[in-house]
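Counting from 1, one number per residue, gives the positions in the sequence shown under our numbering.
One structure is given below, encoded as structure tokens.
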Amino acid sequence: MPRARANIDTTGFLIPKRHPVRSDKYKASFKGRPCFVCGAQDGTIVPAHVNYHNFARGFKASDARIAALCKKCHDEHDGCGDIAWWWMVNYVLPLLESNYEEWKNG
Numbered sequence: 001m002p003r004a005r006a007n008i009d010t011t012g013f014l015i016p017k018r019h020p021v022r023s024d025k026y027k028a029s030f031k032g033r034p035c036f037v038c039g040a041q042d043g044t045i046v047p048a049h050v051n052y053h054n055f056a057r058g059f060k061a062s063d064a065r066i067a068a069l070c071k072k073c074h075d076e077h078d079g080c081g082d083i084a085w086w087w088m089v090n091y092v093l094p095l096l097e098s099n100y101e102e103w104k105n106g
């Protein structure tokens, strides 16, 4: 039997519902940029939506949440199964380690 949809009043929620940004002009601005993760400039750069809604694949992330990724990184990103883990391993941790090295080396 199908589940009934709840009619929930969200007006009192602390975090308001956000409406996704859609901008073809912004997405086009990613052409020619280096890959946000590996730095590649190989002509395969695309604007990749950082869609953290693993449970809701039908909902595309806002265009305000896109990163320039090369084909290799984009394929890994889309196929990893855990977006938060992928960004942590491939971007956040290397960034933190790089910041430490810059500090250490003055």
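Where a beta carbon is used, it is the ideal one built from N, C-alpha and C, also for glycine.
Predicted, not measured: the structure shown is a model, and the values here were computed from it.
For Ile66, the enclosing beta strand (DSSP E) has its first and last residue at Ile66 to Leu69. Sorting Lys25, Trp85, Gly32 and Gly43 by C-alpha distance to the C-alpha of Asn51 places Trp85 at the top. Between the alpha carbons of His74 and Pro34 lies a distance of about 13 Å.
The beta carbons of Val21 and Ala68 sit no closer together than 9 Å. Only buried fits Ala48, as 16 or more other CB atoms lie within 10 angstroms of its CB. Annotation for Pro94: the continuous alpha helix (DSSP H) segment containing it runs Leu93 to Lys104.
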